[in-house]
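Going down the list, the protein sequences come from chains A and B.
The C-terminal position of the first sequence is numbered 460 in my numbering, with every residue numbered one higher than the one before it.
The C-terminal position of the second sequence is numbered 542 in my numbering, with every residue numbered one higher than the one before it.
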Amino acid sequence: MIKFIIKRLLALIPVIIGVTFLVYFIMSLAPGDPALLLLGEDATPEQIADLREEMGLDQPLIVQYGRYMFKLVTGDMGTSYKTKNAVAKEVFSRFPNTLILAGFSTLVSIVLALPLGVFAAVKQNSLFDTVSMVVALLGVSIPIFWFGLLLILLFALKLGWFPVSGFDGFKSLVLPGLALAFQHMAAIARTTRSSMLETIRQDYIRTVRAKGLPENKVITRHALKNALIPTITVIGLQIGGMMGGSVLTESVFAWPGIGRLMISSISGRDTPMVLGCILMFSITFSIINLIVDIVYGFVDPRIKAQYK
Amino acid sequence: MTKKMKRFLALSLALLMAFAVVGCGSTENTTTAAPADNTQTTAAPAADTTTKAPESQGTPQTQAAGQKSSKDTIIIATANETPSLTSVDHNAVAGSYMNKLTFSTLFDTDMDLNVYPSLAESYEVSDDGLDWTIKLKQGVKFHNGAEMKAADVVRSLKLCAESSNTATYGTAANCEAVDDYTVKIHTEVPYSGMLYDLCHHGNDILPADLIDSGHNFNEAPIGTGPYKFVKWNLGESLEFEAFEDYFEGEPPIKHMIWKIIPEGSSRTISLEAGEIDVIIEVESNDISRLQDDEGIDVYVGTGTSHNFMLCNTEKAPFNNEEFRIACQQAIDKNACVQVGQNGFAMPCDSLLPIVFPGTTTDGMPTYNPEEAKKHLEASGLSAAECNFTLVCSDDAKVRLGQVIQSNLKENLGIDVQIEQQDLATYLENSRIGEYQAALGGYTSSSLLAYIKGVWHSSNINASNKTRTNDPKVDAWIEAYAASFDADEQAKIATELNTYLNEHCFQIPTYQGQVTRAYASNLKGFQVSASGNHWWQYCYFE
Numbered sequence: 153m154i155k156f157i158i159k160r161l162l163a164l165i166p167v168i169i170g171v172t173f174l175v176y177f178i179m180s181l182a183p184g185d186p187a188l189l190l191l192g193e194d195a196t197p198e199q200i201a202d203l204r205e206e207m208g209l210d211q212p213l214i215v216q217y218g219r220y221m222f223k224l225v226t227g228d229m230g231t232s233y234k235t236k237n238a239v240a241k242e243v244f245s246r247f248p249n250t251l252i253l254a255g256f257s258t259l260v261s262i263v264l265a266l267p268l269g270v271f272a273a274v275k276q277n278s279l280f281d282t283v284s285m286v287v288a289l290l291g292v293s294i295p296i297f298w299f300g301l302l303l304i305l306l307f308a309l310k311l312g313w314f315p316v317s318g319f320d321g322f323k324s325l326v327l328p329g330l331a332l333a334f335q336h337m338a339a340i341a342r343t344t345r346s347s348m349l350e351t352i353r354q355d356y357i358r359t360v361r362a363k364g365l366p367e368n369k370v371i372t373r374h375a376l377k378n379a380l381i382p383t384i385t386v387i388g389l390q391i392g393g394m395m396g397g398s399v400l401t402e403s404v405f406a407w408p409g410i411g412r413l414m415i416s417s418i419s420g421r422d423t424p425m426v427l428g429c430i431l432m433f434s435i436t437f438s439i440i441n442l443i444v445d446i447v448y449g450f451v452d453p454r455i456k457a458q459y460k
Numbered sequence: 002m003t004k005k006m007k008r009f010l011a012l013s014l015a016l017l018m019a020f021a022v023v024g025c026g027s028t029e030n031t032t033t034a035a036p037a038d039n040t041q042t043t044a045a046p047a048a049d050t051t052t053k054a055p056e057s058q059g060t061p062q063t064q065a066a067g068q069k070s071s072k073d074t075i076i077i078a079t080a081n082e083t084p085s086l087t088s089v090d091h092n093a094v095a096g097s098y099m100n101k102l103t104f105s106t107l108f109d110t111d112m113d114l115n116v117y118p119s120l121a122e123s124y125e126v127s128d129d130g131l132d133w134t135i136k137l138k139q140g141v142k143f144h145n146g147a148e149m150k151a152a153d154v155v156r157s158l159k160l161c162a163e164s165s166n167t168a169t170y171g172t173a174a175n176c177e178a179v180d181d182y183t184v185k186i187h188t189e190v191p192y193s194g195m196l197y198d199l200c201h202h203g204n205d206i207l208p209a210d211l212i213d214s215g216h217n218f219n220e221a222p223i224g225t226g227p228y229k230f231v232k233w234n235l236g237e238s239l240e241f242e243a244f245e246d247y248f249e250g251e252p253p254i255k256h257m258i259w260k261i262i263p264e265g266s267s268r269t270i271s272l273e274a275g276e277i278d279v280i281i282e283v284e285s286n287d288i289s290r291l292q293d294d295e296g297i298d299v300y301v302g303t304g305t306s307h308n309f310m311l312c313n314t315e316k317a318p319f320n321n322e323e324f325r326i327a328c329q330q331a332i333d334k335n336a337c338v339q340v341g342q343n344g345f346a347m348p349c350d351s352l353l354p355i356v357f358p359g360t361t362t363d364g365m366p367t368y369n370p371e372e373a374k375k376h377l378e379a380s381g382l383s384a385a386e387c388n389f390t391l392v393c394s395d396d397a398k399v400r401l402g403q404v405i406q407s408n409l410k411e412n413l414g415i416d417v418q419i420e421q422q423d424l425a426t427y428l429e430n431s432r433i434g435e436y437q438a439a440l441g442g443y444t445s446s447s448l449l450a451y452i453k454g455v456w457h458s459s460n461i462n463a464s465n466k467t468r469t470n471d472p473k474v475d476a477w478i479e480a481y482a483a484s485f486d487a488d489e490q491a492k493i494a495t496e497l498n499t500y501l502n503e504h505c506f507q508i509p510t511y512q513g514q515v516t517r518a519y520a521s522n523l524k525g526f527q528v529s530a531s532g533n534h535w536w537q538y539c540y541f542e
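Below, the structure written as structure tokens:
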């Protein structure tokens, strides 16, 4: 298992090289000049040229990329064009906030979606099944932006239970967490339901029922465990989605996360900052995939045996 | 229908209604026209040449000095985070708001956009207009306790010129300290825009010893401003506290928090919920709703932001003057304002912003579809030659573009294709003339900066995006810059404005408004047409 983990961690190196290469070149190909954005419309061509030189943007692209990678190897993620701060400082000050939001939302979505999916499968075609699947459908259909505003209007403005926005303790986490969780909960619940439906029709489930095992044990001990593999895959993907897709939630709730930073950096053509954000996303996403693979092993010993 | 199904439908309907009630409960009366009485502005005289700075009628009200505030913390919501707290390291409005708290400039602009002395006590200009002698206020303290002296001013003015972000405003770099409280600035040619440049945040006065020692002003901005920097929670908020030795007296409100709330509706709801006290960028959709709230005051006033359909006069069909006039006469500016700005702007028929002395709508053809057809015919262009692409760089501009598209199709049969580009792309393409038409704007607190930026041929490939290259226009601008006589400047402005209007080098659409929403118990709140605030005079009743 340890060997497997080390191999997977080493595989991160080509991932990082690939991601930085792609992002660097895509950002450079995009029209728009970061120097012009910084100097404003009044800037003369000479002033723009001077700033481009100061920022190293007058060098060939491959030289710029090489310099960036050399610095990255030494642990320096570069300096933001816009703020002139170290990218690492800006990214690491916001990244934990995005992790907290994504972590909380994942927890909420799992806690709500798993029972919902399991019961919907067990009580297939019942009112509960229909309602839960309608809720799931709403979850994937309602724009997160609009849902967030509804939550704010009801729970912050009308009832005053939670703050409208900001980052100030657990109370301020509830509404953005729920908004983000609602969308992802839907996907998890639907996957759990279909996976459970498939599993409970298997012969071995009929066998354990024939043995007289109570229904709750049949479901939790025998069916659920086997039905979890696709659900875990979806949860892993959803966590990645929550990190990358948190930008709307972060904007509505003024959550100081990395998603907002990345979007504003893209508009500002702040390549070092965009690279810093995407690197964090890539590394986190790779680690989540690794964790998902490890969890597979715990859920299904046959998979664990294949880890070398 | 089964009983179960009925129950399910009832439950679903109840849920939907609950959401609908919450969603619609506060959205009544969301569209009204801008109040007419707020569209009037007072003309601002040009910089004076007398030995003592004039007493401006538009100087911000300072009755808060000595007032006790019933609340000691003010929370202000803004959409954008400053890129930097170092005054010479950015060119952002969000940054200038922060700099205004921690630093001061020698001069400032008042409610009427007049220049008044801030750290300066008085000034005089030599007869040839080349030398400016500025006397400084004595006893002004920096946040670190040191006294501000002429050496600090000289070093700060040079720093402005040295920084690529603010070099445009570094016109006072050729300066020297005459004594501890006197600074002399020399210019190569007479330049009446000097005092306005000295109001720019790039010319904030910083301690010379800290500049020379490489002090990081982004982490510890030390100036002479009314508030001292406390903390910056990146992406979230900035905190300040009142400076007890501020040269105009300690501000009544002791603590200040600027919260970054990017989403407009969230800012509105935060104010309604009492979580914040002031909104800097008010969503135009929410203005009427906020005006209906008894606990909230909304300020709507004419701003200096001038918006237009940029015409690339080097490219067809906009190299044809008759065609441009036809477009001007075929576009309904009232519709532009209603759709593009939800009614909160002023329809505009002038190629200079109508807040400065001498500016006029004279010479500008007004909305008249029948006349527009005649001009189109006179242009000699075939129907196919008239079609063009209009670049829009945000959603509000797309809405405005759709009005223009519809007007030109309906009145002249012209097909306009709207092309959305992000800001960076639009700025680059419009700068180098890679466009036919685009929706743009320009904001300036002085007419000189505006005419130089938008119309002088030296700014082609910079902010002169119509690429107007007319010796007559350049001559008027240069004469305006060299004149220190307010009446003469107004006369030049009128001549220039009329000429620009007659030739219709671009199509004006609307003049923006400055809007702010704030808790009604906040007193002394003032904002100028250029968006200048005086937080040091605010207090809670």
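C-beta: ideal position from N, C-alpha, C; glycine also.
Only a predicted model underlies this, so the values are computations on that prediction, with no experimental measurement involved.
Closest by CA to residue i, which one among the options?
{"i": "B:Ala95", "options": "B:His202, B:His256, B:Ala162, B:Lys142", "result": "B:His202"}
{"i": "A:Val399", "options": "B:Asn100, B:Val399, B:Glu264, B:Glu240", "result": "B:Glu264"}
{"i": "B:Asp278", "options": "B:Ala520, B:Gln527, B:Gly525", "result": "B:Ala520"}
{"i": "B:Gly381", "options": "B:Ala331, B:Arg432, B:Ala317, B:Asp395", "result": "B:Ala317"}
{"i": "B:Thr361", "options": "B:Gln514, B:Ile493, B:Asn217, B:Tyr192", "result": "B:Ile493"}
{"i": "B:Phe244", "options": "B:Trp233, B:Pro253, B:Leu409, B:Lys229", "result": "B:Lys229"}
{"i": "A:Thr344", "options": "A:Ser317, A:Phe322, A:Ala379, A:Ile352", "result": "A:Ala379"}
{"i": "B:Gly513", "options": "B:Ser445, B:Tyr197, B:Asn470, B:Phe541", "result": "B:Ser445"}
{"i": "A:Asp281", "options": "A:Ser232, A:Arg342, A:Pro315", "result": "A:Arg342"}
Strictly below 8 angstroms CB to CB, what residues from chain A border residue i?
{"i": "B:Asn92", "result": "Leu190, Leu191, Gly192"}
{"i": "B:Asp423", "result": "Gly184, Ser419"}
{"i": "B:Asn430", "result": "Pro183"}
Buried or exposed: where does residue i fall if 16 or more other Cβ atoms within 10 Å of its Cβ makes it buried?
{"i": "B:His187", "result": "exposed"}
{"i": "A:Val263", "result": "exposed"}
{"i": "B:Glu295", "result": "exposed"}
{"i": "A:Tyr356", "result": "exposed"}
{"i": "B:Asn320", "result": "exposed"}
{"i": "B:Arg468", "result": "buried"}
{"i": "A:Gly208", "result": "exposed"}
{"i": "A:Gln390", "result": "buried"}
{"i": "B:Cys25", "result": "At B:Cys25 the pLDDT is 37, less than 50, meaning the model places this residue with poor confidence; the figure from the coordinates comes in the next sentence. B:Cys25 is exposed by the Cβ-count criterion."}
How would you list, in chain order, the residues of chain B whose beta-carbon sits under 7 angstroms from the beta-carbon of residue i?
{"i": "A:Thr235", "result": "Pro84, Ser85"}
{"i": "A:Ile304", "result": "Ser267, Ile270"}
{"i": "A:Glu206", "result": "Ser165"}
{"i": "A:Ser403", "result": "Pro263, Glu264"}
{"i": "A:Ala242", "result": "First, the residue type needs correcting, since residue 242 of chain A is Glu and not Ala in the sequence shown. Leu235, listed in chain order."}
Against residue i, what residues of chain A qualify as contacts under a CB-to-CB distance less than 9 angstroms, listed in chain order?
{"i": "B:Glu276", "result": "Ala308, Pro315, Val316, Ser317, Gly318"}
{"i": "B:Thr169", "result": "Leu191, Gly192, Asp194, Ala195, Thr196, Gln199"}
{"i": "B:Pro426", "result": "Per the sequence shown, residue 426 of chain B should be read as Thr rather than Pro. Simply Ala182, Pro183, Gly184."}
Which residues in chain A have a C-beta closer than 7 angstroms to the C-beta of residue i? List them in chain order.
{"i": "B:Gly402", "result": "Correct list: empty, because the minimum Cβ distance to chain A is about 19 angstroms."}
{"i": "B:Leu589", "result": "Examination of residue 589 of chain B is not possible in this model, given that chain B is present from 2 through 542 alone."}
{"i": "B:Glu273", "result": "Leu309"}
Name the chain B residues whose beta carbon is nearer than 8 angstroms to that of residue i?
{"i": "A:Phe222", "result": "Those within 8 angstroms of A:Phe222 in chain B number zero; the least Cβ separation is about 25 angstroms."}
{"i": "A:Phe177", "result": "Simply none; closest approach about 17 angstroms."}
Strictly below 9 angstroms CB to CB, what residues from chain B border residue i?
{"i": "A:Ser245", "result": "Asn234, Leu235, Gly236"}
Determine whether the Cβ of residue i lies closer than 9 angstroms to any Cβ atom of chain E.
{"i": "A:Gly312", "result": "Absent from the structure: chain E. Protein chains present are A and B."}
**Request:** Scan the stretch 240-269 of chain B for residues whose Cβ lies nearer than 9 angstroms to a Cβ of chain A and list them as they occur along the chain.
**Result:** Lys260, Ile261, Ile262, Pro263, Glu264, Ser266, Ser267, Arg268
**Interface residues of the stretch 256-286 of chain A facing chain B [CB-CB below 9 angstroms]** = Ser278, Leu279, Thr282, Val283, Val286
**Item:** Any alpha helix (DSSP H) of 4 or more consecutive residues that is wholly inside the stretch 270-307 of chain A
**Value:** 279-293, 296-303
**Complete beta strand (DSSP E) runs within the stretch 421-461 of chain B (minimum length 3 residues, chain order)** = Considered as a whole, the stretch 421-461 of chain B harbours 438-443 as its complete beta strand (DSSP E) runs of no fewer than 3 residues, in chain order.
**Message:** Closer than 7 angstroms between beta carbons: that is the criterion. Which residues of the stretch 453-464 of chain B meet it against chain A?
**Reply:** Gly454, Asn462, Ala463, Ser464
**Item:** Complete beta strand (DSSP E) runs within the stretch 225-301 of chain B (minimum length 3 residues, chain order)
**Value:** 228-234, 238-243, 256-261
**Request:** Ignoring anything shorter than 3 residues or poking outside the stretch 104-145 of chain B, list the beta strand (DSSP E) runs there in chain order.
**Result:** 108-110, 116-118, 121-126, 132-137
**Asked** Which residues, in order along the stretch 431-452 of chain A, keep a beta-carbon less than 8 angstroms from a beta-carbon of chain B?
**Response** none
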